[in-house]
Structure formats: structure tokens, C-alpha cells
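*Asks:*
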Amino acid sequence: MAKFIFVTGGVVSSLGKGIAAAATGALLEARGLKVTIQKLDPYINVDPGTLSPFQHGEVFVTDDGAETDLDLGHYERFTHIRTSQANNYTTGKIYYNVITKERRGDYLGDTVQVVPHLTDEIKRAIKSVSNNNDVVIVEIGGTIGDMESLPFLEAIRQMRYDVGRENVLYIHLTLIPYIKAAGELKTKPTQHSVKELRAIGIQPDLLLCRTDKPITPEAKKKIALHCNLDSDAVITAMDVDTIYEVPQALSLEGFDQQIVNKLKLPAKDADLMQWKGIVRKLKEPKHEVTIAIVGKYVGLKDSYKSLMEALIHGGIANDARVNLQWIDSEEIEVHGAEKYLSDADGILVPGGFGYRGIEGKIEAVRYAREKKIPYFGICLGMQCAVIEYARNVCGLNANSTEFDLNAKDPIIYLMERWFDFRKGRIEERTDASEKGGTMRLGAYPCVLESNTNASKAYGIKEISERHRHRYEFNNAYKGICTRHGMKISGTSPDGELVEIVEVEDHPWFLGCQFHPEFKSRPTEPHPLFREFIAASLKEKRALFQYDEREVEMKKGREEKLS
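For the sequence shown, our numbering assigns the number 1348 to the initial residue and increments by one for each residue that follows.
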């Protein structure tokens, strides 16, 4: 029978419950246990697919096509699990399931209530991921005291009675703020947060205390006394330089040993050598490279969370520090690309939706192509690359019908009918289709052409990558693009859907319709990010050597004149 760990948060939001849950999973995996992690979100949206990135950060897509919370990206990056629709439930999805059952008559005339019907549905969702796992870690979204998260908290309170006290562990993540004027850490917010949690029937077993200063033994004793805990159950969660240092930091505090002891888990000693190697490469890299990210959600970095991490992973694979320059594409529209991109060793245009900032992205593509700077276009970034090439190399008046329904050359368009290889059936969509869940979502197969950057990166003929988009490359323009030097290096197995494009006579120029960042891990950097960073490093070295030769030649001319 699986054991259950529930992670809650108090005092303030954004403390890092997702990282805490993911690091817990990493530590238990390092002890030889099989884990899975689930996120319960209290908002009423059925999924985050229609939420603005500015409100909720990125939407993480799973292999089975679920649009989920960005924390599922952390779960996959820290552990070996591949998440699915079952790993993310929202209040909206829970209510949707309950109302569907009520309409169907499943409750046989009962008055449908929060308790027991809603809480039973939540518990069913939690238990649905427990098969073949030693431990199920469940993160509860929101902050203790929020009204909307109460049904989830009531459900996890009941779980201890349903599966046995010895099979459930509650971890509460709180903040210990440092008051500079007083020169001390304050424990009162944590005491009040635990008091609030205990008021609804949950006694935390472990406290994770976020802080930027070491917590003294005396402070731990005080927290333990007021929160009804042993002192060693109060764990310091100090700020670290990189999130990939968290498993080591928590293990040094005895966090994983506490979990093993309290749940009586049959676990071996933790093997953290791989994590230590990752942290070493991040803290003491041999090389350095600068990548410009040209997007329109750059005001909130969480909009590109998986992308940022995948670039870091590409750096790990090349023993390089990756410095990120965030460029608002609308600024390029006003001031031009040279001002913002001249110092970049590589240029990346990520995914997105809508017309705002598009011309700036297209100009960034042109700059990368003409200046021979390594370019990586993802989803919309691939579409921008195709539009730019069609305009400036093929001489077409090209655009996407997402931005101009009356485009003279609609090289990117809404494909209304195609064969879905994942579902094994014909799919249809129109402009009138609902927005939620109607895109090409999840993992799809892609066949690679030999002797291309893509095939060299992957080293295999057929791959599977995750998608999240509505618009596709228009096959009517394949001929003119390839005649002018564009390579179509990856397609769906039937050749109908263009998945990867490249440009000849360029150090490294690749656009992909899928989102490779969703499958990258620090322990297994994605092949395309690995090769993009490698190409950027190569071009940086070549430019550096050229600059050195220029200096030497100038010095020689001056010596001659003197």
C-alpha cells in the first residue's frame, strides 16, 4: 500500500511548495523508492490552459495532452516520473466531475454537498495515482487561510483516517522572516500558520521553514514548543543559489531521514552523487554563454519556466553558465534588433499567442539568420522563422492567419482536419471551436531527415515530443521554401504536419513546432537545447578568436607606422 505525503503552505504565497514537493520526491527516489507527485489547485478553471501567463505562469503540457500547472514541470525535472492528467486536479475539475455524476443520477437522490461528495471526489483523485508507487506526494495549492482551498484541506484531513495514521505525513512549508531593524528572525507568523492548520484538524508532522538566515537551535525549540512538534521536526529550508541544490540542503538537515522514520519506509541511504555533480557544474562552470530570449511575456519569468530550466540544462551538458537576456519583442519593433541582440551568442524565440510583438520576433529571426547567430525557434518561434524566410528569402507576402485572416500568402494557417497519431483518429477544428483543450496537445511522433541538425542531435530516426498550438505550416508552400534553401527536417509519419525546419548555410538555425523544454531534465538535458548551447559556445569562441586577430593586426600596423 502506498504512503501519502501532503505538502501545504502558510504565511505567504510563492514560498516554493512545488520545489519542496519535487525535492522530496528526488530524495525518496535517491533512497530507492518509487514516487509520484500530484498538484491540487484551488482555482475554479477546469485547467490552466486559458489562463494568462501573467497571472499563472506557464502552462505545462503532459504526454497525454493535459494542460497543467507549472509545478508539474518541477516534478518531472527533479524525478523520473512522467506526469499525466491524473497528476493535476483543480476545484473546477472536481466540481465538474461531481456535477456530471449528479446529472447522471449517480448519487441516487442524495443532497450533493461539499462533505462528503466533494471531499470524496478529491480523495478518489488522490488515490487514483497511488497504484504501483511506494509514496504519493500531494501538493495543495494556495495558502492556509484561503477560503477556496478548504475542501482540499478537509479531504486530506480525512485521508489519515481512511488509510491509517501510519500511512500519512503532513509537511507544512512556512516563512521565518528576518526583521532587519530588530536583527532577529521572527517565528510568530509560523506559529499562527500552524495554529490555523490545526484549527481545521491537521497537525503537521514536519515543518519546512524558509529563511535567508540560519535558524538557531533556540528558535527551533520555540517553534516546536508552540507547534506541538519535536525540535528535530523543524527543518531549516535556507535560500540556496540554485533550486537543484535543494535536495542536498534538505538532506543535510535530516529531512528525508525524518520522512523515512515517520512513515517506516523500507529505504536505503540516499545516493546524491548525481545531484552533487549537477550543482558543481552550475556553480563552477568552465565556459559561459549569453542567450537572448525574445518574447512578449518577459515581465513574468515564470511564463517561460520550463524554457529557462531547459537552457540551464543545456549549459550543464556543455559545462557552461548560461546567461539569459530577456528582450521584449515590442522594443525591437521600436528600436530595431541591433540594439538588443548584438551581444548575444545565441537567439531564442519561444512560444506564445496573439499578434502583439510578432513583428519584433520576426525581426529577431532575420537578425539571427543574416548575422549567422545560432537560432532556436520554439512553436511560435518556428512559425516566425518560416514567415521571415518566406518574406525575405522567397519574396512572398507571407503571414499567419492567426494575425491576418486575409494574408496573401498564408504560410501558417489553421489546419481544420488532420490525422491524430496519438488518438488514432481524424481530428477537426474551426475558428468557432472552444478555446479550452482544442489545440494539438500532448506527445506526437516525428520522423527526422538524415544529415540534419535535428537528426545529429537526437541520434535516432523517430522521436516523440509535446505540442501546444493551433496553427500549422501550410504545405502549399513547402516547394518554394525548400527550393530557396530551407530544410524540412522533421514531419509527422504521414508527412502532412511539418515539425522541424532548418536553414542551410548557417552555423545552427532550427525551428520546431513542438515544445522540447517540457521533456528536459538536469540529469537528462534535452538534445536540442544541448546542441543549441554547444553551437552558441562554438560561435562565441570563433568570434572571440576573430577579435583577438583584429587586435593583433591593429597592433602590428601601429608598430610598423612607428
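Even glycine gets a Cβ: it sits at the ideal position worked out from N, Cα and C.
Counting only the same chain and skipping the five closest in sequence on each side, list residues whose C-beta sits under 7 angstroms from that of Tyr-1805.
*Replies:* Hits under 7 angstroms: Leu-1795 and Pro-1874.
*Asks:* Express the C-alpha separation of Val-1359 and Leu-1520 in angstroms, rounding to a whole number.
*Replies:* If you take the alpha carbons of Leu-1520 and Val-1359, they lie about 10 angstroms apart.
*Asks:* Have a look at Glu-1843 and Trp-1855 and give me their C-alpha separation to the nearest angstrom.
*Replies:* Distance between the alpha carbons of Glu-1843 and Trp-1855 is about 25 angstroms.
*Asks:* From this set, Leu-1857, Ala-1373 and Glu-1849, which residue's C-alpha is nearest Ile-1590's C-alpha?
*Replies:* Comparing Cα positions, the closest option is Ala-1373.
*Asks:* With a CB to CB cut of under 7 angstroms and the five nearest residues on each side skipped, what residues in its chain are close to Met-1729?
*Replies:* Correct list, in chain order: Val-1848, Gly-1858, Cys-1859 and Gln-1860.
*Asks:* Are there any heavy atoms of the ligand COA lying less than 7 angstroms away from the beta-carbon of Val-1794, as far as the coordinates show?
*Replies:* The ligand COA is absent from the structure shown, which contains no ligand whatsoever.
*Asks:* With which residues is Ile-1582 paired in a DSSP beta bridge?
*Replies:* Per DSSP, Leu-1555.
*Asks:* So what does DSSP say about Val-1898, is it helix, strand or coil?
*Replies:* Because the pLDDT at Val-1898 is just 49, under 50, the model does not fix this residue reliably, and the value given afterwards should be weighed accordingly. In the structure shown, Val-1898 sits in a helix (DSSP, three-state: H, G or I).
*Asks:* Does Tyr-1422 come out as helix, strand or coil in the three-state DSSP assignment?
*Replies:* Reduced to three states, the DSSP call for Tyr-1422 is helix.
*Asks:* Determine, using beta carbons only, whether Pro-1632 and Gly-1662 come nearer to each other than 8 angstroms.
*Replies:* Result yes, Cβ atoms of Pro-1632 and Gly-1662 sit closer than 8 angstroms.
*Asks:* In the DSSP assignment, find the unbroken beta strand (DSSP E) run with Phe-1700 in it and report its ends.
*Replies:* From DSSP, Phe-1700 is part of no beta strand (DSSP E); its letter is neither H nor E.
*Asks:* Please name the residue in Ala-1657, Pro-1524, Glu-1710 and Ala-1368 whose C-alpha comes closest to that of Val-1483.
*Replies:* With distances taken between Cα atoms, Val-1483 lies closest to Ala-1368.
*Asks:* Looking only at its chain, what residues have a beta carbon closer than 7 angstroms to the beta carbon of Ala-1617, apart from the 5 residues adjacent to it on each side?
*Replies:* So the qualifying residues of the chain are Leu-1374, Ala-1377, Arg-1378, Ser-1598 and Asp-1603.
*Asks:* Going by DSSP, which residues form a beta bridge with Gln-1672?
*Replies:* Per DSSP, Ala-1639.
*Asks:* Hey, could you find the ends of the beta strand (DSSP E) Ala-1745 is sitting in?
*Replies:* First-last of the beta strand (DSSP E) with Ala-1745: 1745 to 1747.
*Asks:* Run the CB neighbour count on Gln-1385, radius 10 Å, all protein chains shown included, and call it buried at 16 or more, exposed below.
*Replies:* It counts as buried.
*Asks:* Tell me the DSSP secondary structure of Gly-1704 in three-state form.
*Replies:* Reduced to three states, the DSSP call for Gly-1704 is coil.
*Asks:* Taking 6 angstroms as the limit between beta carbons, can you name the residues of its chain near Arg-1444, skipping five residues before and five after?
*Replies:* Reading off the sequence, residue 1444 comes out as Asn, not Arg. Within the same chain, Asn-1444 has close Cβ partners Glu-1468.
*Asks:* Exposed or buried, which one is Lys-1887 when buried takes at least 16 other CB atoms within 10 Å?
*Replies:* Result: buried.
*Asks:* Out of Asp-1666, Ile-1709, Val-1587 and Gly-1789, which one is the CA nearest neighbour of Ile-1366?
*Replies:* Of Asp-1666, Ile-1709, Val-1587 and Gly-1789, the residue nearest in Cα terms is Val-1587.
*Asks:* Does the distance from the CB of Thr-1409 to the CB of Gly-1826 come in under 8 angstroms?
*Replies:* Result no, Cβ atoms of Thr-1409 and Gly-1826 do not sit closer than 8 angstroms.
*Asks:* Tell me, please, whether the segment 1716 to 1728 touches the segment 1665 to 1674 by the rule of three or more beta-carbon pairs shorter than 8 angstroms.
*Replies:* These segments do not touch.
*Asks:* Assign Met-1620 to one of three DSSP states: helix, strand, or coil.
*Replies:* Of the three classes helix, strand and coil, the one that applies to Met-1620 here is helix, per DSSP.
*Asks:* Quick check on Ser-1361: buried or exposed, where buried means 16 or more other Cβ atoms within 10 Å of its Cβ?
*Replies:* Exposed: under 16 other Cβ atoms inside 10 Å.
*Asks:* Would you call the segment 1752 to 1762 and the segment 1729 to 1741 in contact, with 3 or more CB pairs under 8 angstroms?
*Replies:* Segments in contact, yes.
*Asks:* Just to confirm my understanding: we take Val-1325, look at its own chain, exclude 5 residues before and 5 after, and list those with CB closer than 7 angstroms. What are they?
*Replies:* Because the chain spans 1348 through 1909 in this model, residue 1325 falls outside it and cannot be assessed.
*Asks:* Quick check: what's the CA-CA separation for His-1464 versus Tyr-1525?
*Replies:* Rounded to the nearest angstrom, the two C-alpha atoms are 43 angstroms apart.
*Asks:* Taking just the CA atoms, how far does Ile-1810 sit from Glu-1592?
*Replies:* Rounded to whole angstroms, Glu-1592 to Ile-1810 spans 31 angstroms at the Cα level.
*Asks:* Work out the CA separation of Ile-1773 and Arg-1512 for me, nearest whole Å.
*Replies:* Distance between the alpha carbons of Arg-1512 and Ile-1773 is about 49 angstroms.
*Asks:* Give me, in chain order, the residues of the same chain whose beta-carbon lies closer than 8 angstroms to that of Ile-1547; leave out the 5 immediate sequence neighbours on both sides.
*Replies:* Within the same chain, Ile-1547 has close Cβ partners Leu-1497, Leu-1500, Glu-1501 and Arg-1504.
*Asks:* Between Ile-1625 and Pro-1551, what straight-line distance do the alpha-carbon atoms span, to the nearest angstrom?
*Replies:* One C-alpha to the other measures close to 32 angstroms.
*Asks:* So Gly-1704 and Ser-1676 are supposed to be a Cβ contact under 8 angstroms. How far apart are they, rounded?
*Replies:* Contact holds; Cβ gap of about 4 angstroms.
*Asks:* Could you pull out every residue in the same chain whose Cβ sits closer than 7 angstroms to the Cβ of Lys-1630, ignoring the five residues on either side in sequence?
*Replies:* Answer for Lys-1630: Asp-1588, listed in chain order.
*Asks:* From what residue to what residue does the beta strand (DSSP E) around Ile-1590 run?
*Replies:* Counting along the chain, Ile-1590 falls outside any beta strand (DSSP E), and DSSP gives it neither H nor E.
*Asks:* Rounded to whole angstroms, how far is the Cβ of Glu-1543 from the Cβ of Gly-1489, which I believe are closer than 8 angstroms?
*Replies:* That belief does not hold up - the Cβ atoms of Glu-1543 and Gly-1489 are roughly 12 angstroms apart, past 8 angstroms.
*Asks:* DSSP three-state call for Val-1354: helix, strand or coil?
*Replies:* Here Val-1354 sits in strand by DSSP.
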